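Q: Going down the list, the sequences are from chains A and B. Following the numbering used here, the numbering of the first sequence begins with 47 at its first residue and continues without gaps. Following the numbering used here, the numbering of the second sequence begins with 47 at its first residue and continues without gaps. C-beta atoms are modelled at their ideal positions from N, C-alpha and C, and glycine is treated no differently. No experiment lies behind these values; they were computed from the predicted model shown.
Number of protein chains: 2
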Amino acid sequence: MKIIVDAMGGDNAPLAPVEGALRAAQELGVEILLTGRTEEILGCLEQLGHKTIPKGVEIAHASQVIEMSDNPARAFKDKPDSSMTVGLKLLKEGRGDAFVSAGSTGALLSAATLVIKRIRGIRRAALAPVVPNATGSMVLIDCGATAECTPEYLLQFAYMGAYYAQRFLGIPQPRVGLLNIGAEPGKGMELQKQAFDLLTQAHEAGRIHFIGNIEGREAISQGEADVLVTDGFTGNIFLKTVEGAAALFNHALKDMLLGSAKNKMAALMLKNSIGEFKKRFDSSEIGGTALLGISQPVIKAHGSSNAYAFYNAVRQAQKVAQGDIAGDIAANVEHMKLAVGRKEA
Amino acid sequence: MKIIVDAMGGDNAPLAPVEGALRAAQELGVEILLTGRTEEILGCLEQLGHKTIPKGVEIAHASQVIEMSDNPARAFKDKPDSSMTVGLKLLKEGRGDAFVSAGSTGALLSAATLVIKRIRGIRRAALAPVVPNATGSMVLIDCGATAECTPEYLLQFAYMGAYYAQRFLGIPQPRVGLLNIGAEPGKGMELQKQAFDLLTQAHEAGRIHFIGNIEGREAISQGEADVLVTDGFTGNIFLKTVEGAAALFNHALKDMLLGSAKNKMAALMLKNSIGEFKKRFDSSEIGGTALLGISQPVIKAHGSSNAYAFYNAVRQAQKVAQGDIAGDIAANVEHMKLAVGRKEA
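1. In whole angstroms, give me the CA-to-CA distance for B/Gly-305 and B/Ser-183.
2. What number of angstroms, rounded off, separates the C-alpha of A/His-348 from the C-alpha of B/Leu-173?
3. DSSP state of B/Arg-120, grouped into three classes?
4. If you scan the segment 102–178 of chain A from start to end, which runs of the beta strand (DSSP E) of 3 or more residues do you find wholly inside it?
5. Is it true that the CB of A/Ile-371 sits closer than 9 Å to the CB of A/Tyr-210?
6. So, helix, strand or coil for A/His-381, using DSSP?
7. For B/Thr-246, which three-state DSSP category applies?
8. In whole angstroms, what separates the C-alpha of A/Ala-149 from that of A/Asp-52?
9. Please name the residues in the segment 286–313 of chain B whose beta-carbon is closer than 9 Å to at least one beta-carbon of chain A, in chain order.
10. Could you give the DSSP three-state label for B/Arg-329: helix, strand or coil?
11. Any idea what DSSP makes of A/Asp-301, helix, strand or coil?
12. Have a look at B/Arg-213, B/Ile-162 and B/Leu-237 and flag the residue whose alpha-carbon is nearest the alpha-carbon of B/Tyr-199.
13. Any C-beta of chain B within less than 9 Å: which residues of the segment 243–269 of chain A qualify?
14. At least one CB of chain B closer than 9 Å to the CB of A/Arg-315: is that the case?
15. The beta strand (DSSP E) that contains B/Leu-338, what's its start and end?
16. Per DSSP, A/Gly-278 forms a beta bridge with which residues?
17. Please identify, using Cβ separations under 9 Å, the residues of the segment 216–238 of chain A that lie next to chain B, in order along the chain.
18. List the DSSP bridge partners of B/Val-222.
19. Compute the Euclidean distance between the alpha carbons of B/Gly-366 and A/Ile-260, then round it to the nearest angstrom.
20. Do the CB positions of A/Gly-133 and A/Ala-108 come within less than 9 Å of each other?
21. What are the start and end residues of the beta strand (DSSP E) that includes B/Gly-182?
22. Looking at the structure shown, is A/Val-76 part of a helix, part of a strand, or coil, going by DSSP?
23. For A/Glu-390, name the three-state secondary structure that DSSP assigns.
24. Taking Cβ-Cβ distances shorter than 9 Å, what residues in chain B pair up with A/Ser-25?
25. Below 7 Å CB to CB, which residues in the same chain sit around A/Pro-28 once its five sequence neighbours on both sides are set aside?
26. Using the Cβ count rule (16 or more neighbours within 10 Å means buried), how would you classify B/Thr-280?
27. At a CB-CB cut-off below 8 Å, which residues of chain A make contact with B/Arg-326?
28. Quick check: the Cα distance between A/Gly-190 and A/Ser-330, rounded to an integer number of angstroms?
29. When the distance is taken between beta carbons, is B/His-249 closer than 9 Å to B/Pro-220?
30. Excluding five sequence neighbours on each side, which residues of the same chain lie with their C-beta closer than 7 Å to the C-beta of B/Ala-377?
31. Are the C-beta atoms of A/Phe-145 and some chain B residue less than 9 Å apart?
32. A/Met-54: which of A/Glu-73, A/Ile-87, A/Ala-71 and A/Glu-77 sits nearest, CA to CA?
33. Under 7 Å Cβ to Cβ from A/Lys-233, same chain only, skipping five residues before and after it: list those, please.
34. For B/Asn-282, count the other beta carbons within 10 Å of its own beta carbon; 16 or more makes it buried, fewer makes it exposed. Which is it?
35. Helix, strand or coil for A/Ile-49 per DSSP?
36. Along the chain, where does the beta strand (DSSP E) containing B/Lys-346 start, and where does it finish?
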C-alpha cells in the first residue's frame, strides 16, 4: 500500500509532514509518495538524518503551494502544479492508495471533488472527524463541507458515517443519531424533521441503526451515538465549540496546577496521569478527518498537525484504504436514494 | 422590590425554590412572593425551620403545576391556575417586579409572551444565558426561544444582548459577535450573511459595537465577544455542546484524581483549588437565563436548580429589574427596525 502525502500543506510544512510520513514508512509497512518542492523535501530529509531518499519513500515534484489566502474553489485550477493538485492527480492515476493533506480544507474539498470525483449517486462529499465522547469517540458528519443541506444529504451522511464507524472505529452496528435541539421526534426545523423521517425509514428497512434525535450535551457526556449526523453549518459549530471548551478547560486546569507551590507539588504527582488525560482529548491522536463520498480515500490532516499527527493521519489513511469504505458506499448507494423515492411516492 | 418565584417549577421543587427564595429574602433585601400549592410550600418552610411564614415572604396559592409532559404552547391555558400562570399574571398586575421559574422553558416562553407580551416592535423574545469563556463570561442570544430566525430577529437579539451585557454584566460597550463557521465576512448561510450586513450598518450608525463573525472556538477559548448572536437552533446546539464538553471534562478529571492512591493524595492537596475551578464552570453561579424582549423581567432558572441556584436566580432577577433592560429596549426599538428599512430601501 502506498500513501501519497502533501509535503507542503499545514502550518508546520514541510518538516512535519515529511517527518511523520517517514516514521509511518518505517513503522506501518506502507510506502510513501511525497508531493512538493523536491529541494525543500530533500532538505527536510537531510535535517532528519537522511542524506539519500530512504527506502519506501518517493518524491513527486510539484513547484507550487496552495496558500490559505488562495480562493478555495479555484486554487486547484489556478495552481495546477501545486503539491495538493499533483497529489490528487497521482491518486486518480492509481499511483497511490490514499492521499493525506493538511492544506486548506476548502481547497482540498473542491480539488478532491473535481479531480477524484464523488461516488456516483452521492450528492455531496462530507467531512467526518472523530470526536471524543464519554464512551470513547464518535464520527461527526458533516462538519463543514456543505453548510446548507437537504434531508437527502443527511440520509447519505448517515450511511457514509455508519460505514466509516464500522471500518475505521470497528463498531459492528453503529448507533446513528441526528444532532438536534431536543430528543423527542418532531424537534428542530424542517431539515431535521424530514431527515428524521428518512432515517427512521432506513432504520425500519434494517439498513442503519437509527436511534433518534440526540442533543449536543448527551452526544458528548453520555456517548449516546457512534455517528452524529448533521448539516455542515451545525456540525462545524458543534466541533469548534467542543474544541473551544476543551481549550478553555485545559487552560483553566493548567492555571490551577500552577496556582500555588502546593498545587505545583500535586501537579508533579499527577504528571503521568495528566499526560494520559490530555491524550484523550488530543486531536493529533486521531490523525485527521476523512472526506467521505469521494471515490478514493482522502484524509484532511489538521492545519496545525505536528509530525506525530501526520504519522497518525497516514495510519488512518491506510486503515480507510484497507477498509474500502468507498466500496461500501458505492455498493449501497441505491438505498440512499430509494428511501427518498419512497417518501416522495 | 418584590420577586415572584414559581415554587413548583424544576426537578427539586418545591423545596429548592422555597429555600433559595428564603435565603434571598434574608440576604438581598428583596421581598418574595411564592406561587404554588400553599400546603406544600408551608411544609417546606416548616422543614426549613419556619413554623410561620417569615417576614418579607408571601404565598399566592395556585392549585396546578405545569409538567414537562404538558404541551408547552397550551400549558398556560390548559392549566390557568398553575404556579407559572398565576405568577406571570401577578407580575402583569404589578404585584411584583420580576418572575423566576424553573419550569418548562417552552411553557414559560409561551406563557410570558401571551400574558406579559413582548415589547412593542420586538418580533421574537429570546433566551439569553450567560456562558463562561476565557475572559469571564458572555451573553449568548438566542439559545432556543426561536429555532428559525430572520436577519431582523438577529439584529434585534444583538441590541437586546448588548443592553443586557451592559446592565447585568456591567460592560460599558459590549463587543457583539455573530456566531459563524468562519471569521471572514461572507461566511455562513443566507441568514448569517444578511445579519452580518444589518449588524455592520448598526455598528456604522454607532448603535452597537459589532466586531464581526466569531467561531465557536474563539468565542470560548479567547473570549472575543461579550455578546454572541445566533439563531435559536444554533445557539441551543452551542450551549448544550459546551455543557456536554464541561460534563465530560469534569468526569474525566474526577476519574483521573481517583485513579490511584498517589492521585488521591494529590487531589486532597488540590481540594480548595478544584472547588474554585468547578465554580468557574458551574451554571448555578449565574442563576438562570433571562427572557429578553418581554416587557417585564422573567428569568428561567435551570430545571436542575438547587437552592443556591434559585438564590442566584432571584439575585439576577433583582439586577435585571433594577437595570430596566426592557426600558432600554423599548427606548431604542425604532432603530432595530429602521436598519431593516434602510436595507430594503
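A: The structure says:
1. Taken atom to atom, the span from the alpha-carbon of B/Gly-305 to that of B/Ser-183 is near 32 Å.
2. Just so you know, the alpha carbons of A/His-348 and B/Leu-173 end up roughly 35 Å apart.
3. Here B/Arg-120 sits in coil by DSSP.
4. Listed in chain order, the complete beta strand (DSSP E) runs (minimum 3 residues) inside the segment 102–178 of chain A are 103–107, 144–147 and 172–174.
5. Against a cut-off of 9 Å, the Cβ pair of A/Ile-371 and A/Tyr-210 comes out as a contact.
6. A/His-381: helix per DSSP, three-state reduction.
7. Correct three-state label for B/Thr-246: helix.
8. The question names Ala, but residue 149 of chain A is Gly in the sequence shown. About 8 Å.
9. Taking 9 Å as the cut-off between beta carbons, the residues of the segment 286–313 of chain B near chain A are Lys-286, Thr-287, Val-288, Glu-289, Gly-290, Ala-291, Ala-292, Ala-293, Leu-294, Phe-295, Asn-296, His-297, Ala-298, Leu-299, Asp-301, Met-302, Leu-303, Gly-305, Ser-306, Lys-308, Asn-309, Met-311, Ala-312 and Ala-313, in sequence order.
10. Looking at the sequence shown, residue 329 of chain B is not Arg but Ser. Here B/Ser-329 sits in helix by DSSP.
11. It is helical.
12. Ranked by Cα distance from B/Tyr-199, the options B/Arg-213, B/Ile-162 and B/Leu-237 are led by B/Leu-237.
13. Residues of the segment 243–269 of chain A with a Cβ closer than 9 Å to any Cβ of chain B, in chain order: Glu-261, Gly-262, Arg-263, Glu-264, Ala-265, Ile-266, Ser-267, Gln-268 and Gly-269.
14. The sequence given here places Met at residue 315 of chain A; Arg does not occur at that position. Chain B, which has a Cβ nearer than 9 Å to the Cβ of A/Met-315, makes this yes.
15. That run of the beta strand (DSSP E) goes 334–338.
16. According to DSSP, which records beta bridges pairwise, A/Gly-278 is partnered with nothing at all.
17. Against chain B - using a Cβ distance shorter than 9 Å - the residues of the segment 216–238 of chain A are Leu-225, Asn-226, Ile-227, Gly-228, Lys-233, Gly-234, Met-235, Glu-236 and Gln-238.
18. Note: B/Val-222 sits in a beta bridge opposite B/Phe-256 and B/Val-273.
19. Position check: residue 366 of chain B holds Val in this sequence, whereas Gly was assumed. Roughly 33 Å separates the two Cα atoms.
20. Yes. Within cutoff.
21. Run containing B/Gly-182: 182–187, per the beta strand (DSSP E) assignment.
22. Here A/Val-76 sits in coil by DSSP.
23. Note that A/Glu-390 scores 41 on pLDDT, short of 50, meaning its location in the model is unreliable and no value can be drawn from it.
24. Outside the modelled stretch of chain A, which goes from 47 to 391, sits residue 25 of chain A, for which no answer is possible.
25. Since the first and last residues shown for chain A are 47 and 391, residue 28 of chain A lies out of range.
26. It counts as buried.
27. The contacting residues are Ala-298.
28. Rounded to whole angstroms, A/Gly-190 to A/Ser-330 spans 19 Å at the Cα level.
29. No.
30. Around B/Ala-377, the same chain offers no residue with a beta carbon nearer than 7 Å, after the five sequence neighbours per side are excluded.
31. No, A/Phe-145 does not count as interfacial toward chain B.
32. For A/Met-54, the nearest C-alpha among the options comes from A/Ile-87.
33. Result list for A/Lys-233: Asn-226, Ile-227 and Asn-259, in chain order.
34. Counting of Cβ neighbours within 10 angstroms places B/Asn-282 among the buried residues, the total reaching 16 or more.
35. The DSSP-derived three-state label of A/Ile-49 is strand.
36. Membership of B/Lys-346 in the beta strand (DSSP E) is indicated by the continuous run 344–347.
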